[in-house]
Every structure is written in structure tokens, then in C-alpha cells.
Amino acid sequence: MENVVSMNDLSVEDINALIERAEIFKKYGIRELPGEFMISNLFFEPSTRTKTSFEVAERKLGLEVIPFEAGFSSTLKGETLYDTVRTLEQLGIDAVVIRHQDDKYYKELIGKTGVSIINGGDGSGQHPTQSLLDLFTIKEEFGHFENLNILIAGDISHSRVAKSNADALSRLGANVTFLCPVEWAGSFESTDNWDGLLEQSDVVMLLRVQHERHGDDTGFTKEEYHRRFGLTVERERKMKPGAIIMHPAPVNRDVEIADRLIECSRSRIFKQVENGVYIRAAVLETVLKGRN
Amino acid sequence: MENVVSMNDLSVEDINALIERAEIFKKYGIRELPGEFMISNLFFEPSTRTKTSFEVAERKLGLEVIPFEAGFSSTLKGETLYDTVRTLEQLGIDAVVIRHQDDKYYKELIGKTGVSIINGGDGSGQHPTQSLLDLFTIKEEFGHFENLNILIAGDISHSRVAKSNADALSRLGANVTFLCPVEWAGSFESTDNWDGLLEQSDVVMLLRVQHERHGDDTGFTKEEYHRRFGLTVERERKMKPGAIIMHPAPVNRDVEIADRLIECSRSRIFKQVENGVYIRAAVLETVLKGRN
Amino acid sequence: MENVVSMNDLSVEDINALIERAEIFKKYGIRELPGEFMISNLFFEPSTRTKTSFEVAERKLGLEVIPFEAGFSSTLKGETLYDTVRTLEQLGIDAVVIRHQDDKYYKELIGKTGVSIINGGDGSGQHPTQSLLDLFTIKEEFGHFENLNILIAGDISHSRVAKSNADALSRLGANVTFLCPVEWAGSFESTDNWDGLLEQSDVVMLLRVQHERHGDDTGFTKEEYHRRFGLTVERERKMKPGAIIMHPAPVNRDVEIADRLIECSRSRIFKQVENGVYIRAAVLETVLKGRN
Numbered sequence: 001m002e003n004v005v006s007m008n009d010l011s012v013e014d015i016n017a018l019i020e021r022a023e024i025f026k027k028y029g030i031r032e033l034p035g036e037f038m039i040s041n042l043f044f045e046p047s048t049r050t051k052t053s054f055e056v057a058e059r060k061l062g063l064e065v066i067p068f069e070a071g072f073s074s075t076l077k078g079e080t081l082y083d084t085v086r087t088l089e090q091l092g093i094d095a096v097v098i099r100h101q102d103d104k105y106y107k108e109l110i111g112k113t114g115v116s117i118i119n120g121g122d123g124s125g126q127h128p129t130q131s132l133l134d135l136f137t138i139k140e141e142f143g144h145f146e147n148l149n150i151l152i153a154g155d156i157s158h159s160r161v162a163k164s165n166a167d168a169l170s171r172l173g174a175n176v177t178f179l180c181p182v183e184w185a186g187s188f189e190s191t192d193n194w195d196g197l198l199e200q201s202d203v204v205m206l207l208r209v210q211h212e213r214h215g216d217d218t219g220f221t222k223e224e225y226h227r228r229f230g231l232t233v234e235r236e237r238k239m240k241p242g243a244i245i246m247h248p249a250p251v252n253r254d255v256e257i258a259d260r261l262i263e264c265s266r267s268r269i270f271k272q273v274e275n276g277v278y279i280r281a282a283v284l285e286t287v288l289k290g291r292n
Numbered sequence: 001m002e003n004v005v006s007m008n009d010l011s012v013e014d015i016n017a018l019i020e021r022a023e024i025f026k027k028y029g030i031r032e033l034p035g036e037f038m039i040s041n042l043f044f045e046p047s048t049r050t051k052t053s054f055e056v057a058e059r060k061l062g063l064e065v066i067p068f069e070a071g072f073s074s075t076l077k078g079e080t081l082y083d084t085v086r087t088l089e090q091l092g093i094d095a096v097v098i099r100h101q102d103d104k105y106y107k108e109l110i111g112k113t114g115v116s117i118i119n120g121g122d123g124s125g126q127h128p129t130q131s132l133l134d135l136f137t138i139k140e141e142f143g144h145f146e147n148l149n150i151l152i153a154g155d156i157s158h159s160r161v162a163k164s165n166a167d168a169l170s171r172l173g174a175n176v177t178f179l180c181p182v183e184w185a186g187s188f189e190s191t192d193n194w195d196g197l198l199e200q201s202d203v204v205m206l207l208r209v210q211h212e213r214h215g216d217d218t219g220f221t222k223e224e225y226h227r228r229f230g231l232t233v234e235r236e237r238k239m240k241p242g243a244i245i246m247h248p249a250p251v252n253r254d255v256e257i258a259d260r261l262i263e264c265s266r267s268r269i270f271k272q273v274e275n276g277v278y279i280r281a282a283v284l285e286t287v288l289k290g291r292n
Numbered sequence: 001m002e003n004v005v006s007m008n009d010l011s012v013e014d015i016n017a018l019i020e021r022a023e024i025f026k027k028y029g030i031r032e033l034p035g036e037f038m039i040s041n042l043f044f045e046p047s048t049r050t051k052t053s054f055e056v057a058e059r060k061l062g063l064e065v066i067p068f069e070a071g072f073s074s075t076l077k078g079e080t081l082y083d084t085v086r087t088l089e090q091l092g093i094d095a096v097v098i099r100h101q102d103d104k105y106y107k108e109l110i111g112k113t114g115v116s117i118i119n120g121g122d123g124s125g126q127h128p129t130q131s132l133l134d135l136f137t138i139k140e141e142f143g144h145f146e147n148l149n150i151l152i153a154g155d156i157s158h159s160r161v162a163k164s165n166a167d168a169l170s171r172l173g174a175n176v177t178f179l180c181p182v183e184w185a186g187s188f189e190s191t192d193n194w195d196g197l198l199e200q201s202d203v204v205m206l207l208r209v210q211h212e213r214h215g216d217d218t219g220f221t222k223e224e225y226h227r228r229f230g231l232t233v234e235r236e237r238k239m240k241p242g243a244i245i246m247h248p249a250p251v252n253r254d255v256e257i258a259d260r261l262i263e264c265s266r267s268r269i270f271k272q273v274e275n276g277v278y279i280r281a282a283v284l285e286t287v288l289k290g291r292n
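Residue numbers (the UniProt record's numbering), protein chains in the order written: chain Z, 1 to 292; chain W, 1 to 292; chain A, 1 to 292.
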């Protein structure tokens with residue numbers, strides 16, 4: 001694996017191998033990689049957990065992390081992303097993690113420089129390490145994916161996570177249902193009616209309402225959204241025994257999910273954060289080992 | 001000591017123990033802590049000396065410092081401080097140093113996550129490591145606190161330092177007097193008249209005029225402020241032999257203090273900066289050792 | 001060498017020694033310096049390659065790099081550059097790399113603190129490590145400087161590189177010619193006519209059109225500039241065998257140089273980036289060794 005930019009490029013075998021590696025890291029700790037590698041995290045959009053999660057994984061792997069302030073770089077002088085990455089290659093950087101506002105920004109990079117690209121989220125496109133950590137968390141819970149019923153609820157059309165997860169879960173044998181306001185469905189088949197869904201779902205995966213992408217034109221107040229599409233305390237009561245709640249975070253409290261459910265016994269929200277470190281370490285290790 | 005957020009939580013014994021540890025660090029160097037610790041510095045307000053001072057102390061203690069750009073994090077997407085710190089906990093972070101514009105931001109954190117909180121300054125509230133380094137500097141100079149006369153002059157009501165220092169110095173046996181414009185006294189008893197104060201003070205501690213908090217409504221030009229409340233060259237001449245000048249910096253030259261006094265023989269301003277590294281190392285060591 | 005702020009301070013012997021050290025680093029790798037050094041990179045203007053290049057060199061030399069966010073420091077509270085550097089000295093920092101918008105910002109620093117200053121670019125003034133890496137790249141190509149014809153084309157008056165390079169190249173025995181719009185020549189003797197220049201030049205060194213300094217008052221559209229002063233595909237064909245193309249980057253594609261020439265066989269643009277790491281390591285090593 002030279003690059004990891006989209007779940008679509010990963011076979012079921014690739015996915016399982018990465019999850020197994022993350023399980024081993026979680027059980028025995030993350031070991032330093034032999035060899036010297038330099039990496040840089042190019043985050044052109046704000047992020048706490050993805051960026052920090054990569055940073056922690058990189059330090060534990062013993063990588064030399066070269067800081068890059070996207071908001072204070074030569075991209076401000078109009079430098080292209082290709083020129084930036086090509087420059088980092090010349091400086092000796094082995095791999096970059098990139099989050100960028102443009103869909104498929106990586107198309108202009110893959111195969112064109114010697115730097116490995118790990119996608120930390122592109123526009124409304126893919127976010128493969130988030131998908132992988134979601135899958136890892138589901139596998140840890142249920143031991144398998146076959147015939148699990150996964151309900152993904154929320155801002156489907158703008159969500160990197162929905163896109164990344166949907167196809168992978170289907171390929172792994174799970175049944176995915178989308179629930180969202182009809183205006184937000186994009187090209188996905190979806191429902192806006194909770195009837196019967198909660199009772200049969202093994203996983204209720206909530207997505208963030210991305211106020212920063214919608215502006216004020218969502219057509220919903222926060223209260224309305226919560227009442228119609230959020231996981232309220234009442235809805236949680238209808239979930240079946242053993243079913244879990246997931247959310248990629250950051251959470252809009254009392255919008256996608258009731259404040260007091262965030263750390264309830266069904267919630268795996270903060271466990272997802274923890275699992276992210278192991279998955280990212282697995283992805284980084286796999287990509288960097290492939291370079292030797 | 002699990003957290004260090006306010007001088008009010010530190011007993012006289014705690015304060016003396018931290019100062020003694022800093023003295024040892026200054027004499028013999030800062031040693032790497034056994035064990036592996038990850039720390040992150042969350043500065044939501046600009047800072048050079050406090051942030052860099054912590055960074056240096058952390059490196060010397062051998063901690064893994066995970067970068068956090070407050071101005072480019074998920075707090076921009078509305079994430080609460082609790083969720084940010086809870087996320088860092090899940091990523092494996094042991095302790096965070098936080099500077100935040102809100103008074104007592106730490107109330108929503110202490111005891112609610114497993115991350116140790118070190119307060120790097122809250123709103124107009126506390127700034128305990130600045131207080132401790134001030135105390136360390138005074139102790140280093142005079143060998144004791146009892147019956148020392150400390151004059152604190154300047155922007156008392158907005159000053160974290162005044163609040164943090166006043167109570168601690170009193171408990172340690174020193175006599176504290178405040179001098180400031182009446183409008184800036186807040187709830188402190190103060191005078192706006194220098195008569196006799198300089199002649200009897202062992203320490204003249206100047207505070208920064210916080211233009212960024214006052215806006216333009218201070219009611220003083222810089223020249224006026226200097227003339228009435230600043231340490232002018234003339235006033236310095238009235239100070240008694242052996243008395244010292246302190247300032248937490250950054251300094252507004254020719255406002256709180258005459259430009260040419262900043263590095264005069266009485267000034268301990270840059271020594272305070274140096275002492276800050278040792279004090280912060282002592283605080284970090286104490287907090288992290290308490291976690292083992 | 002205590003500081004490196006301007007090419008004018010470096011003798012021909014100094015320049016040759018630094019280039020020779022960079023050659024050795026390139027051949028055998030950069031080794032960690034004995035001793036413990038702390039360094040900080042103070043970039044008050046956006047930069048990718050200079051800042052990252054220094055970071056990489058510093059890590060390879062085994063220095064402790066203390067982060068400094070210029071856009072989020074006490075300079076925002078009006079702190080002077082002197083006070084910032086003096087503060088860093090007290091925190092134990094040995095050397096700082098500074099990029100700053102003010103010409104000769106270093107005048108208020110040199111000899112006034114114990115911190116070594118390495119100039120990463122001052123206003124429209126000097127950029128000595130860029131000059132040195134340009135010289136290194138030319139020496140690597142031709143083995144010598146004597147009687148080489150160097151054409152420097154572009155925004156001479158705003159260019160740190162033109163100023164830094166011109167004098168050094170002359171002292172080393174090369175012949176330098178400037179080509180630019182007459183309005184941009186500043187105090188340099190220049191031509192705005194390509195006739196005969198391409199056929200005789202060993203090096204065509206292009207400079208960046210600094211839109212961010214000119215605003216919109218350049219008087220040229222990008223297309224016009226390219227047609228009259230850029231290295232077009234047609235002009236490249238007139239270059240003599242063995243002649244090379246250089247550019248300090250970031251490049252405005254199709255302005256200073258045709259897009260498809262950027263990675264052509266004559267171009268050393270990305271090799272310059274690579275060489276920058278070795279030159280910066282040589283400068284850092286020389287300055288820090290001088291402190292022991």
C-alpha cells in the first residue's frame with residue numbers, strides 16, 4: 001500500500017489486515033518502526049482529533065514529525081498543492097497526511113511525487129482512517145460485520161464519513177440504512193422516518209450537522225433538527241439490547257444527540273477516539289513499511 | 001497534586017516544596033522524568049514566554065509534547081473545552097497546560113476527566129506558575145518572605161498575577177500594598193499615591209497595562225499613565241538599597257516602567273523569565289509523579 | 001561565525017567553507033551535533049520551504065526545536081523583537097532563525113543578546129541561506145564560479161535573493177546581468193531586452209513576481225509579464241548547451257517561467273530545495289560550534 005486515500009481502493013482483505021494490526025497495537029502497544037522516517041501533517045482545515053490522533057500515532061511509531069502550518073505557508077502565496085508536496089519530497093519527507101477542502105485533491109498528487117499520501121479528509125469526499133476506526137470499533141464490539149444492521153443518521157450529503165463507511169460496510173456484509181432530511185440525502189437512498197429502525201439497528205451512527213458548510217440555510221433550528229433527526233433520550237430507549245451509538249465527533253450537543261447520551265453505556269463515541277490512534281498507527285506502519 | 005489551577009489550592013507547604021524543587025533544578029539541571037508521558041499545551045490566547053517556558057521545561061523533562069493549535073482546532077466548530085480535553089484523554093494525553101480567556105474555565109474540567117490540568121492563565125483570574133516564579137525570584141533574592149514589603153502597581157483588576165500573588169504573599173508573611181488608578185482597583189484595597197511607598201518597599205512589582213483588554217477606554221494616554229503610575233527614573237532613585245523591580249512581561253516600555261530601567265541592576269525582569277522554566281518543571285514533575 | 005545575517009558579512013573563504021561542508025553532508029549524511037542545543041524558528045511571514053528546510057536540518061543535527069507561532073505570540077501585545085529574543089535567551093535558547101518583514105530587523109539584535117541570529121529573510125533585504133544554496137547548486141553544476149555568466153531576471157528591487165546573490169557571485173568571479181522591467185530595477189543596473197543574453201548565459205535565475213508585495217499595481221497582466229520577462233518555451237530553446245534554470249520558489253507557473261519548463265532537464269528548481277537542507281545544516285553547525 002503506497003497511499004491510503006479512499007476506502008474504495010482498499011479490498012476487504014486490506015481492511016481486515018489493518019483492523020487486525022490495530023488490534024495488536026491496542027493489545028501490546030505501538031512499537032517504534034525500524035528505520036528513520038520523516039512525516040508531515042498538512043491540515044488545511046481545522047481539526048483536533050484527527051490531527052492529534054495522527055501526531056500521537058506518529059510519535060509512538062518513532063517518526064520524525066516535521067511541523068507544517070497550513071495557515072502560514074506558501075500556499076498563501078498561491079503555491080499549488082503539488083508544488084508544496086514536491087517541495088517536501090525534496091526536503092526528505094517520506095509521507096504526508098493531508099486534510100483539504102477540495103474533493104479528491106489527491107488526484108493531482110498520486111503517482112506524481114515520491115511522497116506517500118494518507119488522506120485525512122477531502123472536502124465532502126473520503127476520510128478513510130475515520131472509516132477504518134469506525135469499522136475497528138464495530139468489529140471490537142460484535143466480532144464480525146455480517147448481517148449487522150447499521151443506521152447512519154444525519155448530514156449524509158456533506159459527510160465524508162457516510163461515503164467512506166457505506167460502501168465498506170456493505171462489502172463486509174453489513175446492511176446500511178440512511179436516515180436524513182430529504183434535502184440532505186444527495187445521491188443516497190434514504191428515509192426520513194425513524195419507524196422501526198431503532199428496534200432493529202445494531203449500530204446507530206450519528207453524523208455531525210456541519211453548520212460551517214451549510215451556513216444558516218439548513219432550514220432547521222437546532223431544536224427542530226434534534227426533535228426530528230437527532231437521537232433523543234426517548235429514541236435511545238427503543239434501541240435493542242447490545243446496540244451501540246457512534247459519532248465521529250466533534251458533537252453538537254443536543255443537536256445530533258442528546259447531551260446526556262454522549263457518555264451513556266451504549267455510547268462508543270470516546271472509544272472511537274481511542275481506537276483512532278491504533279488504526280492510524282496501523283495505516284502509517286503499512287504505508288511506510290511498503291517504502292522500504 | 002493532581003492539578004495546579006489556583007494559588008488558593010496550594011498550602012504554604014506546597015508552595016515551599018515547589019520552590020525548593022525549582023532551586024534544585026536551577027542548581028543541578030532539570031533531569032528527564034522516568035516513564036513516558038504525553039502532554040499538550042492548549043493556548044487559546046497569544047503567549048510567548050509562558051508557552052515557550054512550558055515547552056522548554058517539558059522537553060527537558062523528556063515529555064512527549066503533542067502540538068495543539070488552538071486557533072485551528074475543532075473549538076472553531078463549536079466543540080466544548082470539556083470535549084476537547086476528554087478527546088485528548090482518549091488519545092493518551094496525561095496532562096494539559098491551558099491558557100483560556102474565560103475565568104475559571106477549569107471548573108468544567110477538574111475531576112471530570114483523567115487528564116491533569118495545569119492552569120497557564122484563566123481570563124482575569126489565576127496564573128499560578130507565574131505567581132510561583134515570582135515567589136521563587138523573591139525567595140532567591142531575600143531568602144525569606146516574612147515582613148517583606150511588596151508593592152504591586154498597575155492594572156490590578158485585570159491582572160491574573162495580582163490576584164494569584166496577593167493571597168500567597170500574605171500567607172507567606174509578606175505585606176502587600178496595591179497602587180493603581182482608583183478605577184482599576186476592583187475589589188482590592190489600594191492607593192493611587194506613591195508617597196512613602198518606594199522608600200519602604202523591598203519589591204516593586206509592576207503589572208502590564210493590558211491595552212488588549214481595556215480597548216481605548218483606559219482614560220490615560222501612555223505618557224500620562226507613565227507619569228502617574230509608572231516606575232519612572234525619578235521614582236527608581238527613591239527605592240531603598242537592595243530593593244528589586246519585577247514585572248511579569250511582556251513590558252510596555254515607557255508605560256509601566258521607564259525603558260532604561262528594564263535591564264537596570266535592580267531589575268529581575270529577565271531573571272523571572274529564566275526562573276519560570278525551573279518552576280514549571282517543578283510543577284510538571286510534581287503533577288506527573290502524582291499520576292504514577 | 002556567531003551570526004549569519006547577510007552575505008555581505010561572509011568572506012569568499014567563509015562562503016567556500018560552508019559550501020564544502022554542505023557537500024560533505026550531501027555525500028555522507030547530516031550527523032547529530034555533540035552537545036545539547038535549543039533553537040527556535042521565528043517566522044513572521046508565511047514560508048513553506050525555508051521554514052521546513054531549517055526544521056529538517058535542525059532535526060537531523062539533533063537540535064531541540066522549540067516551536068514558536070509568530071502569529072500567536074506576545075508580539076501581538078506589542079512586544080518588541082528584542083524583548084522576544086531576549087526572553088528566548090533567558091529560556092535557554094541558543095539560536096533563532098528569523099524571517100521578518102522589516103529590512104535589517106537584526107540590527108537591534110546583533111551583539112545585544114547572547115542568542116545567535118540566523119537570518120531567514122528580512123523585508124526586501126537579505127536571505128543568506130537562499131544565496132548560499134544557490135551558490136552550492138551552481139558550484140555542484142559547474143565546479144567553479146569564475147567567468148560564469150549569470151542572468152538574474154525578474155522582480156529585482158523586491159527580491160532578497162537578487163541582492164544577496166549579486167554581490168557574492170561577483171566576488172566569486174562570476175558575471176551577473178539583471179533583466180527586469182525598468183520600474184523594478186531599483187538601484188541595480190539592468191536591461192529589459194533579452195537579445196543575446198540567453199545564448200551566452202550559463203545560469204538563468206528567475207525571481208518570483210511578488211504579487212503580495214506589489215498589490216495590483218504591477219502594471220502587467222500575468223500573460224504580459226510572461227511574454228515580456230518570463231522564461232517562455234521559445235526562450236528556453238535559445239539557451240546554450242549545459243546551461244541551467246534556477247528559481248528560489250514558490251513559482252508562479254506561467255508567469256516567471258512556463259509551466260512545462262519547471263521540471264525540464266535544465267531545471268534545478270527542485271534540486272535547489274534539496275540542497276537547502278544541506279546548506280542550512282552547514283550554517284547551523286558552524287554557528288552552534290562557534291558557541292562552544
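C-beta atoms are modelled at their ideal positions from N, C-alpha and C, and glycine is treated no differently. Every value quoted in this text rests on a predicted model; they were computed, and no experiment measured them.
### Task
Identify the continuous alpha helix (DSSP H) that holds PHE54/W and give its terminal residues.
49-60 is the extent of the alpha helix (DSSP H) around PHE54/W.
### Query
Thinking just about the alpha-carbon of each residue, which of GLY125/A, SER124/A, GLY123/A and TYR106/A is nearest to the one in ILE117/A?
Among GLY125/A, SER124/A, GLY123/A and TYR106/A, the Cα nearest to that of ILE117/A is on TYR106/A.
### Message
With a threshold of 7 Å between beta-carbons, can LYS77/A be considered close to chain W, or not?
### Response
LYS77/A counts as touching chain W.
### Message
Going by beta-carbon coordinates alone, are LEU288/Z and THR52/A separated by less than 7 Å?
### Response
With respect to the 7 Å criterion, LEU288/Z and THR52/A are not classified as neighbours on the basis of their beta carbons.
### Query
For the segment 83-95 of chain A, which residues have a CB atom closer than 9 Å to at least one CB atom of chain W, in sequence order?
Against chain W - using a Cβ distance shorter than 9 Å - the residues of the segment 83-95 of chain A are ASP83, THR84, ARG86, THR87, LEU88, GLU89, GLN90, LEU91, GLY92 and ILE93.
### Per-residue contacts from GLY71/A into chain Z (C-beta, under 7 Å)
The contacting residues are PHE72.
### Query
Name the chain Z residues whose beta carbon is nearer than 8 Å to that of PHE43/W?
By Cβ distance, chain Z contributes nothing, its closest Cβ being about 14 Å from PHE43/W, past 8 Å.
### Nearest-angstrom Cα separation, counted from ARG227/Z out to ALA174/Z
Just so you know, the alpha carbons of ALA174/Z and ARG227/Z end up roughly 28 Å apart.
### Task
Could you name the residues of the same chain whose beta carbon sits closer than 7 Å to that of VAL277/Z, not counting the 5 residues immediately before and after it, in chain order?
Around VAL277/Z: SER53, VAL56 and ALA57.
### Inter-residue CB distance, ARG208/A and GLU236/A (contact presumed, cutoff 8 Å)
Not a contact, Cβ separation roughly 18 Å.
### Every unbroken alpha helix (DSSP H) inside the segment 133-195 of chain W [4 residues or more]
Within the segment 133-195 of chain W, the alpha helix (DSSP H) runs of at least 4 residues that lie entirely inside it are, in chain order, 160-171.
#### Entry: Residue nearest to LEU81/A in terms of C-alpha spacing, selected from THR48/W, GLU108/W, GLU13/W and LEU133/W
Across the set THR48/W, GLU108/W, GLU13/W and LEU133/W, the C-alpha of THR48/W shows the shortest separation from the C-alpha of LEU81/A.
### Task
Please state if the CB of LYS26/Z and the CB of PRO250/A are separated by a distance shorter than 7 Å.
In this structure, PRO250/A lies away from LYS26/Z, with their beta-carbon atoms at least 7 Å apart.
### Message
Does LYS139/W pass the burial test, meaning 16 or more other C-beta atoms within 10 Å, or should it be called exposed?
### Response
When all chains shown are included, LYS139/W counts as buried.
### Query
Would the beta-carbon of ILE39/W fall within 7 Å of that of LEU63/W?
The answer is yes: Cβ separation under 7 Å.
### Message
Rounded to the nearest angstrom, what separates THR163/W and GLY143/W at their Cα positions?
### Response
Just to set this straight, residue 163/W is Lys in the shown sequence, not Thr. Cα atoms of LYS163/W and GLY143/W: separation of roughly 23 Å, rounded to the nearest angstrom.
### Task
Check whether the segment 124-137 of chain Z touches the segment 237-248 of chain Z, taking contact to mean three or more Cβ pairs, one atom from each stretch, closer than 8 Å.
The segment 124-137 of chain Z, when compared against the segment 237-248 of chain Z, does touch it at the 8 Å Cβ threshold.
### Query
Taking 7 Å as the CB-CB limit, is PRO248/Z close to chain W?
PRO248/Z does not count as touching chain W.
### Task
Could you name the residues of the same chain whose beta carbon sits closer than 7 Å to that of LYS112/W, not counting the 5 residues immediately before and after it, in chain order?
Closer than 7 Å at Cβ, skipping near neighbours: TYR82.
### Query
What distance in whole Å lies between the Cβ atoms of GLN101/W and PHE37/W, which are believed to be in contact at a cut-off of 8 Å?
Under the criterion of beta carbons closer than 8 Å, PHE37/W and GLN101/W do not qualify as touching, at roughly 27 Å.
### Query
Pick from ALA281/W, GLY114/W, LEU88/W and GLY290/W: whose alpha carbon is nearest that of LYS60/W?
With distances taken between CA atoms, LYS60/W lies nearest to ALA281/W out of ALA281/W, GLY114/W, LEU88/W and GLY290/W.
#### Entry: Interface residues of chain W facing PHE37/A [CB-CB closer than 7 Å]
When 7 Å is used as the limit between beta carbons, PHE37/A is near no residue of chain W, the shortest such separation being about 12 Å.
### Query
Taking only runs of the beta strand (DSSP E) that begin and end inside the segment 11-54 of chain Z, which ones reach a length of at least 3 residues, in chain order?
The segment 11-54 of chain Z is shown to contain whole beta strand (DSSP E) runs of 3 or more residues at 38-43, in chain order.
### Task
Quick one: grab the DSSP three-state call for LEU206/A.
LEU206/A: strand per DSSP, three-state reduction.
### Message
When you compare the CB of VAL161/W with every CB in chain A, is at least one pair closer than 7 Å?
### Response
For VAL161/W, the answer is no, since every Cβ of chain A falls outside 7 Å of its Cβ.
### Query
According to the neighbour-count rule (16 or more other Cβ atoms, all chains shown, within 10 Å of its Cβ), is ASP134/W buried or exposed?
Residue burial annotation: ASP134/W is buried, with at least 16 other C-beta atoms found within 10 angstroms of its C-beta.
#### Entry: Chain-ordered chain Z contacts of GLU64/W [CB-CB under 9 Å]
Correct list: VAL56, ARG59 and LYS60.
### Proximity of MET7/W and SER131/W at Cβ, strictly below 7 Å
Their beta carbons are under 7 Å apart, which means MET7/W touches SER131/W by this criterion.
### Member of GLU189/Z, ALA243/Z and GLN210/Z whose CA lies at the smallest distance from the CA of GLU199/Z
The option with the nearest alpha carbon to GLU199/Z is ALA243/Z.
### Query
With a cut-off of 7 Å, does the C-beta of PRO46/Z fall near any C-beta of chain W?
By the rule that beta-carbons nearer than 7 Å mark a contact, PRO46/Z touches chain W.
### Query
Cβ atoms of GLY154/A and GLU256/A: under 7 Å apart, would you say?
Yes; because the gap between Cβ atoms is below 7 Å, this pair is in contact.
### Query
Of all the options ASP9/Z, ASP259/Z, PHE188/Z and SER190/Z, which has the alpha carbon lying nearest to the alpha carbon of GLU223/Z?
Among ASP9/Z, ASP259/Z, PHE188/Z and SER190/Z, the Cα nearest to that of GLU223/Z belongs to ASP259/Z.
### Query
How would you write the range of the alpha helix (DSSP H) that ILE269/Z sits in, first residue to last?
Annotation: the continuous alpha helix (DSSP H) that includes ILE269/Z extends over 269-289.
### Query
Name the DSSP beta bridge partners of GLU64/W, please?
Beta-bridge pairing links GLU64/W to MET38/W.
### Query
For the candidate residues GLU69/Z, GLY35/Z, THR286/Z and ARG86/Z, whose alpha-carbon lies nearest to that of ILE269/A?
Of GLU69/Z, GLY35/Z, THR286/Z and ARG86/Z, the residue nearest in Cα terms is ARG86/Z.
### Message
Taking the beta strand (DSSP E) that ARG99/A belongs to, which residues open and close that run?
### Response
Here the beta strand (DSSP E) through ARG99/A covers 95-100.
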